[in-house]
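Note that my numbering gives residue 581 to position 391 of the sequence shown, counting from 1, and the numbers run on in steps of one.
Comments concern the structure below.
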Amino acid sequence: MFETLKPLPQDPILQLMQTFRDDPRPDKVDLGIGVYKDDAGNTPIMAAVHEAERRLLAGETTKSYVGPAGSAGFNEAMARLILGDDSSLIGCQRTSVVQTPGGCGALRMAAEFLRLCNPDTTVWVSTPTWANHLPLLGGAGLTIREYPYLNRDTLQVDFASMLESLERAKAGDVVLLHGCCHNPSGADLSFEQWQEVTALIQRKGLLPFVDMAYQGLGDGLEPDAAGLRHLASQVPEMLVAASCSKNFGLYRERTGALMLISATVSINQAATSQLLSVIRSHYSMPPAHGAAIVEIILGDNDLTEQWQRELNGMCERILHLRHAFADALAPAGDFGFIARQRGMFSFLGITPEQVRQLREEHGIYMLDSSRVNVAGLNDKVLPRVADAIRSVL
Numbered sequence: 191m192f193e194t195l196k197p198l199p200q201d202p203i204l205q206l207m208q209t210f211r212d213d214p215r216p217d218k219v220d221l222g223i224g225v226y227k228d229d230a231g232n233t234p235i236m237a238a239v240h241e242a243e244r245r246l247l248a249g250e251t252t253k254s255y256v257g258p259a260g261s262a263g264f265n266e267a268m269a270r271l272i273l274g275d276d277s278s279l280i281g282c283q284r285t286s287v288v289q290t291p292g293g294c295g296a297l298r299m300a301a302e303f304l305r306l307c308n309p310d311t312t313v314w315v316s317t318p319t320w321a322n323h324l325p326l327l328g329g330a331g332l333t334i335r336e337y338p339y340l341n342r343d344t345l346q347v348d349f350a351s352m353l354e355s356l357e358r359a360k361a362g363d364v365v366l367l368h369g370c371c372h373n374p375s376g377a378d379l380s381f382e383q384w385q386e387v388t389a390l391i392q393r394k395g396l397l398p399f400v401d402m403a404y405q406g407l408g409d410g411l412e413p414d415a416a417g418l419r420h421l422a423s424q425v426p427e428m429l430v431a432a433s434c435s436k437n438f439g440l441y442r443e444r445t446g447a448l449m450l451i452s453a454t455v456s457i458n459q460a461a462t463s464q465l466l467s468v469i470r471s472h473y474s475m476p477p478a479h480g481a482a483i484v485e486i487i488l489g490d491n492d493l494t495e496q497w498q499r500e501l502n503g504m505c506e507r508i509l510h511l512r513h514a515f516a517d518a519l520a521p522a523g524d525f526g527f528i529a530r531q532r533g534m535f536s537f538l539g540i541t542p543e544q545v546r547q548l549r550e551e552h553g554i555y556m557l558d559s560s561r562v563n564v565a566g567l568n569d570k571v572l573p574r575v576a577d578a579i580r581s582v583l
């Protein structure tokens, strides 16, 4: 059977990672791989995570299954992190949360659940969007349509075109929105734009689906969730996929959550039972370790405060790098959009040929689309990177 298979090309990001590793130059710079890095170029384990894991290993008494829904304590903590402690949705039983294998698991289980609800479901995604959105959602059999999001000339949100396109969506269609720190553009909706999108979704009877992968890395935990929370307070139904990879640094632990908001308690109970059946038929039970770490952190006031201080430090470092990068590139043109954007990613707006020139002549690695991971910079390498970019413009 297997001899009929043909090799597929390697994923561009993974291929770039391998090319970077094979480059012998000691001053090479990786701006391609989408993980947070500190000033030393490492992706560190947060101190709060270290302490929570120590407690977990000291007190854990079993390796038994956690059940398809995962840990109830983790799920409740994630609901409060996403919606806020004062959210009326948490206590009214219209909301349920299940633990998933990372944000990818949440996205795919949401897609399988939507196909169960309606095999002809159409999902509208932004152009551009995270590359893995398309195989995760489309691979479940959903129809994918795109709405314009980023103006390639200004590298800002093309909000008028976005609204114009979504006016063509039909009742029951799903709209995928990035909660904050849009990947790959870094261009986020303002709160006023979230309000306009919410009104459109209400008026047309659409189902909002928010991917919240970077809460806390834009402007902070609360500001980053403001648009999502407004939307959740206004609509009868909603899906939220959340990831703990970035804001807890738990990349390899594959820790995420999927939230359902339903119109009534009875609908939520029925929907959750169907979702758990979908999960049971795919991976059966989620991994427990990463979620247990998050549960310990969010269940202890001192650890929560420590984690928030560390996360705020990461956020402030990214904001500092964005402003410094924009200033360093200013002599070559208007790069102020980098300072205005949020999260780890931005497009530089340069050509693939210029990207290759940076890689071959200067050892500076980024995707051919010119998407850079701003967190891959530091104050030491930033001037050299900026000089190299200015030299190819």
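Beta carbons: idealized from backbone N, C-alpha and C, even for Gly.
| query | result |
| --- | --- |
| Completely contained alpha helix (DSSP H) runs for the region 310-377, where each covers 4 or more residues | 323-328 and 349-356 |
| Secondary structure of TYR226, DSSP reduced to three states | coil |
| For ASN308, three-class secondary structure by DSSP | coil |
| Beta-carbon proximity of GLU457 to PRO258, cut-off 8 Å | The residue you asked about is not Glu; residue 457 is Ile in the sequence shown. No, these two residues do not count as a Cβ contact at 8 Å. |
| SER261, enclosing beta strand (DSSP E) - first and last residue | Neither: SER261 is in no beta strand (DSSP E) and is coded neither H nor E. |
| Straight-line Cα distance separating ILE223 from ASN437 | 16 Å |
| Local conformation of ARG561 per DSSP, three classes | strand |
| 8 Å Cβ cutoff met for ALA238 and GLU500 | yes |
| LEU297 versus LEU407 - alpha carbon distance | 20 Å |
| Helix, strand or coil at TYR555 according to DSSP, with G and I counted as helix | strand |
| Proximity of ALA415 and ALA432 at Cβ, strictly below 8 Å | no |
| Proximity winner among GLU386, GLY395 and THR462, relative to ASP363 (alpha-carbon distances) | GLY395 |
| LEU519 versus ALA529 - alpha carbon distance | 11 Å |
| Distance cut-off 7 Å: ILE508 Cβ against heavy atoms of the ligand COA | The model depicted lacks the ligand COA and carries no ligand whatsoever. |
| Neighbour-count burial assignment, PHE192, 16 or more Cβ in a 10 Å radius | exposed |
| ALA422 vs LEU509 beta-carbon contact at 8 Å | no |
| Alpha-carbon spacing of LEU204 relative to LEU557, whole angstroms | 11 Å |
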